[in-house]
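**Q** One structure coming up, written as structure tokens, with questions to follow.
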Amino acid sequence: MPSSSDALDAATQRHPRGLYTLFFTEMWERFSYYGMRALLVLFMVATIKEGGLDLTDKTATAIYGLYTAAVYVTNLPGGWIADRLIGQQRAVFWGGVIIAIGHFTLAIPSPETFFLGLVFVSLGTGLLKPNCSTIVGDLYPEGGARRDAGFSIYYVGINIGGALGPLACSFLGEKFNWHYGFAAAGVGMVLGLIQYRLTQKYLGDHGRYPQPAATGFVRRAWGWTAACLLGLGLVVILAMAGALTLNPVALSKYAGVVIIVLGAGFMLWLTFFGGLDSREKKHLAVLAMLFAGSVLFWAGYEQAGSNFNLFAERYTNRDIFGWTVPAGWFQSINSVYIIILAPFFASMWIWLARRNLNPSIPAKFALGLVFLGLGFFVMYGAAQIVVAGYDVLPTWLILTYFLHTVGELCLSPIGLSATTKLSPRRYGGRMMGMWFVATALGELLAGLIAGQFSAKDVSDMPHIYWELAAVLVGVGIIFALAAKPVQRRLIGEDIQ
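All you need for this note's numbering is the position in the sequence shown, starting with 1, plus 60.
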């Protein structure tokens, strides 16, 4: 944990100029991502007359889950391609180019180009997102509090983009034309690419070159990459031509099963054949517990872009002095809360640690799950009003987003940190990949859960929210009860 003098030095030293290149690149990328995400489900369920795809809630939310899961899964090959083939700097640029192509493809009013656009955005995000963060870390080879401060600045850029994107894209998409909103997301990414190119020189050689590799390996790696892309392209072409029919709900379920089998198989292989000592095996057991908690957390948290978005559109009174607020604007609330609350949480953990009161890793996960569950208890109350035949005030969603953001700040950064602390050193990269795979599984489940809500019959809505709240709070209590023995017997008092 950094000392107070370290923190002061970090606050007063100048940061590398390249940090601000990456700050604005990621800000515009998040602008495009969250701006488009705020429109995604609303556009898919809108009628043909309204310019949408006229899909059912179940199908639309399943597609949403598949898309958001793909965004995380593609981080794994995206990081590998940068490390071994093209370097992080080129990966960031070309990832941004592919993202922009995807958004402009979404702007074309055609169902076929809509799904093609989602594929482009997923692939581009997999290249840009992990590698942008990697370069930020490379700018601070000394590590320490100055690197922490640099990432804090970078994180602000992410959430500024996350706050502004839904405001701009939802206004254009909901008030004028859905495809204007998608195009605005593409314009945002282009602005990010322009400033990246103009200021890329400030990154120096950080992330410019891939890891050294034999010529034969590079040739084979490009072959594998090309084969995978050709295979994906063939599937997309067949689907667009109507020769291949894909059921999004069934595909989500199959993908979830595949992720569970592969993830569990890898963890079992690592336990019995990974050459781990007894301490590493104990840490691996803790990581398995944390990954399971992460899956459950994101399955609830990601109702924001699907179920809560539809709730804002259909059941929330959004009239202000005769003007209807776009439903997608509610998607900005989380980012605003993070900008406000993240410095408080960072200071709070340090303050508690100095007094030997810092909660253990499982205890912080427990807090994250409980706060998430409390948010669903709030939505249970809002749903009761909807069932009675009334629209609800925006305060119900605003309070829910507050509780969910508190839960996110208790769990998400702690999970990333715990993965780096508890992973066997020689498997660190793969275990971080497992964290993102767990997140992807949560995204898939989120889409399937959101599909259980029916626009035609709202009577089941309170019951579903109550079940989600009860499960999340219940699992959070289990984590809390297990926190002390897990910390003492499996983690060790030297790791917090």
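Ideal Cβ placement from N, Cα and C applies to all residues, glycine included. None of the values given here were measured: they were computed from a predicted structure.
Around the Cβ of residue 491, are there at least 16 other Cβ atoms within 10 angstroms (buried) or fewer (exposed)?
**A** By the neighbour-count rule (16 or more Cβ atoms within 10 Å), residue 491 is buried.
**Q** May I have a chain-ordered list of the alpha helix (DSSP H) segments no shorter than 4 residues that lie completely inside the segment 193 to 225?
**A** The segment 193 to 225 contains no whole alpha helix (DSSP H) run of 4 or more residues.
**Q** Shortest alpha-carbon distance to residue 547 belongs to which of 92, 485, 478?
**A** Ranking the options by Cα distance to residue 547, first place goes to 478.
**Q** Counting only the same chain and skipping the five closest in sequence on each side, list residues whose C-beta sits under 7 Å from that of residue 524.
**A** Around residue 524: 512, 513.
**Q** Given residue 343, which residues of its chain have a CB within under 6 Å of its CB, disregarding the five upstream and five downstream residues?
**A** Excluding sequence neighbours, residue 343 sits near 482.
**Q** DSSP on residue 71, reduced to helix/strand/coil?
**A** In this prediction, residue 71 scores a pLDDT of 44, lower than 50, which makes its location untrustworthy; the coordinate-derived value is nonetheless stated afterwards. Three-state result, residue 71: helix.
**Q** Quick one: Cα of residue 442 to Cα of residue 452, how far?
**A** Each residue's Cα considered, the two are about 6 Å apart.
**Q** With DSSP run on the structure shown, which of helix, strand or coil describes residue 116?
**A** Three-state DSSP puts residue 116 in coil, outside helix and strand.
**Q** With residue 145 as the anchor, note down where its alpha helix (DSSP H) starts and where it stops.
**A** First-last for residue 145: undefined, no H or E at that position.
**Q** Grab the span of the alpha helix (DSSP H) containing residue 464 for me, first residue to last.
**A** Here the alpha helix (DSSP H) through residue 464 covers 455 to 482.
**Q** Using a threshold of 7 Å, is the CB atom of residue 163 nearer than that to any non-hydrogen atom of the ligand ATP?
**A** The ligand ATP is not part of this structure, which contains no ligands at all.
**Q** Taking its Cβ as the centre, do 16 or more other Cβ atoms sit within 10 Å of residue 506, making it buried, or is it exposed?
**A** Residue 506 is buried by the Cβ-count criterion.
**Q** From this set, 234, 552, 526, which residue's C-alpha is nearest residue 372's C-alpha?
**A** It is 234 whose Cα lies nearest to the Cα of residue 372.
**Q** Which residues share a DSSP beta bridge with residue 376?
**A** Answer is 452.
**Q** Note down the Cα distance separating residue 122 from residue 392, rounded to an integer number of angstroms.
**A** Cα to Cα, the separation comes out at about 22 Å.
**Q** Check the C-beta distance from residue 125 over to residue 270 and give it rounded, since I have them as a contact under 8 Å.
**A** Not a contact, Cβ separation roughly 33 Å.
**Q** Quick check on the burial criterion: 16 or more other C-beta atoms within 10 angstroms. Buried or exposed for residue 274?
**A** Exposed: under 16 other Cβ atoms inside 10 Å.
**Q** Out of 107, 279, 265, 113, which one is the CA nearest neighbour of residue 201?
**A** Among 107, 279, 265, 113, the Cα nearest to that of residue 201 is on 265.
**Q** In three-state DSSP terms, what is residue 384?
**A** In the structure shown, residue 384 sits in a strand (DSSP, three-state: E or B).
**Q** Please determine, among 158, 258, 368, 118, the residue with the shortest C-alpha to C-alpha distance to residue 309.
**A** For the residues 158, 258, 368, 118, the minimum Cα distance to residue 309 belongs to 118.
**Q** Of the residues 459, 142, 361, 84, which one's Cα is nearest the Cα of residue 472?
**A** Of 459, 142, 361, 84, the residue nearest in Cα terms is 361.
**Q** On the premise that residue 429 lies in contact with residue 357, defined as a C-beta separation below 8 Å, what is that separation, rounded to the nearest angstrom?
**A** At roughly 6 Å, the Cβ-Cβ gap stays under 8 Å, so residue 357 and residue 429 are in contact.
**Q** Would you mind giving the Cβ-Cβ distance between residue 375 and residue 446, rounded to the nearest angstrom? I have them listed as a contact below 8 Å.
**A** Confirmed, about 5 Å.
**Q** Which residue comes first and which comes last in the alpha helix (DSSP H) that contains residue 392?
**A** Per DSSP, residue 392 belongs to no alpha helix (DSSP H) and is neither H nor E.
**Q** Leaving out five residues on either side along the sequence, give the residues of the same chain with a beta carbon under 6 Å from the beta carbon of residue 87.
**A** The answer, listed in chain order, is 217, 220, 221.
**Q** Which residue's Cα is closest to the Cα of residue 164: 245, 449, 383, 385?
**A** Ranking 245, 449, 383, 385 by Cα distance to residue 164 puts 245 first.
**Q** Tell me the rounded alpha-carbon separation between residue 113 and residue 100.
**A** Answer to the nearest angstrom: the Cα atoms are 11 Å apart.
**Q** Can you tell me whether residue 499 is helix, strand or coil according to DSSP?
**A** Helix.
**Q** Skipping 5 residues on each side, what residues in its chain have a beta carbon closer than 7 Å to that of residue 190?
**A** Counting only Cβ-Cβ distances below 7 Å, and skipping sequence neighbours, we find 135, 138, 139.
**Q** So is residue 212 buried or exposed if we call it buried at 16+ other beta carbons inside 10 Å?
**A** Exposed.
**Q** Is the segment 410 to 424 in contact with the segment 528 to 546, if contact means three or more CB pairs nearer than 8 Å?
**A** As far as the Cβ criterion goes, the segment 410 to 424 touches the segment 528 to 546, which means the pair count is three or higher.
**Q** Could you tell me whether the Cβ atoms of residue 185 and residue 131 are closer together than 8 Å?
**A** Closer than 8 Å, so yes.
**Q** Which residues mark the beginning and the end of the alpha helix (DSSP H) in which residue 427 is found?
**A** Element bounds for residue 427: 421 to 447.
**Q** Looking at C-beta atoms only, is the number of pairs between the segment 308 to 322 and the segment 494 to 508 that lie closer than 8 Å three or more?
**A** In short, these stretches touch, since the Cβ pair count reaches three.
**Q** Quick check on the burial criterion: 16 or more other C-beta atoms within 10 angstroms. Buried or exposed for residue 252?
**A** Result: buried.
**Q** Closest Cβ-Cβ distance between residue 117 and chain C: below 8 Å?
**A** Absence of chain C from the displayed structure is noted, only one protein chain being present.
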